[in-house]
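So, in structure tokens, the structure goes:
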């Protein structure tokens, strides 16, 4: 009888993905994410493809070394699809509805599928490759009505996805999709990833693969509409504090992006 000579998996090993959501939301947010990667612990970001972006910012993202996933978006801005083909996703002005629960209740599945597929195509046009993973703005695709679409596209692309709770994680694993074991993060109204919270969370990181969902960025006028605007500057400070790297080294934590996940 043949014996499996592979070393047993280390049940105490800790891997951390630090994902910065909303690349492309504004130029200030994009610059803040790039800085939080270069000078801090951010390893991954997710791109919003329905937002305008300068060629220099896009080139900086391509050259950054960040893992780049797709921030599928049905709750902010205009669609990448012809608006006449996705009317159930839009308000009277032709823009996405900002309430994720309302979006899930009114979206026709075939229209949501068309828009999400077009966002994937737009990502490939901009980056020249597939995303490292999928997640969604305001967690809109975690709704039971839309989750099958997230699972469908993750299967089609053979990429991991974010699971922000046990329900989504179980659904992903039922489909044999890769996803982290643990999720940490919030976005409202107080800044989440302050220096103190970063250091405490690193010190208490559980075994397995964890994701920190973060929202760093530099506040600019285009972010004035947002309830989570100036808090992003505080996240930049927390995620670039040198003490974070010290804790990671001391605790033996491995930093990675979603592309490093194995089944």
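In the working numbering, the protein residues as written are 1 to 263.
Where a beta carbon is used, it is the ideal one built from N, C-alpha and C, also for glycine.
In this text the structure is predicted, and so the values were computed from the model without any measurement.
- In this structure, DSSP gives residue 99 a state outside helix and strand, which the three-state scheme calls coil.
- Below 8 angstroms, too few C-beta pairs join the stretch 247 to 261 and the stretch 212 to 221 to call them touching: fewer than three.
- Put simply, of 114, 28 and 22 the residue whose alpha carbon is nearest the alpha carbon of residue 221 is 28.
- Closest in C-alpha terms to residue 120, from the list 53, 68 and 104, comes 68.
- Judged by DSSP secondary structure, residue 238 falls within the alpha helix (DSSP H) whose first and last residues are 231 to 239.
- Taking a C-beta distance under 9 angstroms as the contact criterion, residue 203 and residue 234 do not qualify as a contact pair.
- Shown here, residue 205 sits in coil according to DSSP, grouped into three states, outside any helix or strand.
- Contact check between the stretch 129 to 136 and the stretch 156 to 173: three or more CB pairs, one atom from each, fall below 8 angstroms, which counts as touching.
- The stretch 28 to 40 makes no contact with the stretch 93 to 107, as fewer than three CB pairs between them are under 8 angstroms.
- Between residue 62 and residue 207, the CB-CB gap reaches or exceeds 9 angstroms.
- Less than 9 angstroms separates the beta-carbon of residue 22 from that of residue 137.
- In summary, residue 241 is buried, with 16 or more beta-carbon neighbours lying within 10 Å of its beta-carbon over all protein chains present.
- In this structure, residue 247 lies away from residue 218, with their beta-carbon atoms at least 9 angstroms apart.
- For the pair residue 171 and residue 43, the Cα-to-Cα distance works out to about 25 angstroms.
- In this structure, DSSP gives residue 136 an extended state, which the three-state scheme calls strand.
- In the structure shown, residue 253 falls within a coil segment according to DSSP collapsed to helix, strand and coil.
- Out of 90, 81 and 64, the CA that lies nearest to the CA of residue 75 is found in 90.
- Contact between residue 162 and residue 181 fails: their C-beta atoms lie close to 12 angstroms from each other, not under 8 angstroms.
- At a Cβ-Cβ threshold of 9 angstroms, residue 113 and residue 88 do not count as neighbours.
- Annotation for residue 30: no beta strand (DSSP E) segment contains it, though the alpha helix (DSSP H) segment containing it runs 27 to 38.
- Under the 10 Å beta carbon count, residue 102 is surrounded by fewer than 16 other beta carbons and is classified as exposed.
- Scanning 154, 146 and 229 for the CA closest to the CA of residue 189 turns up 229.
- When only Cα atoms are considered, residue 115 and residue 249 end up about 42 angstroms apart.
- The bridge partners DSSP lists for residue 14 are 208.
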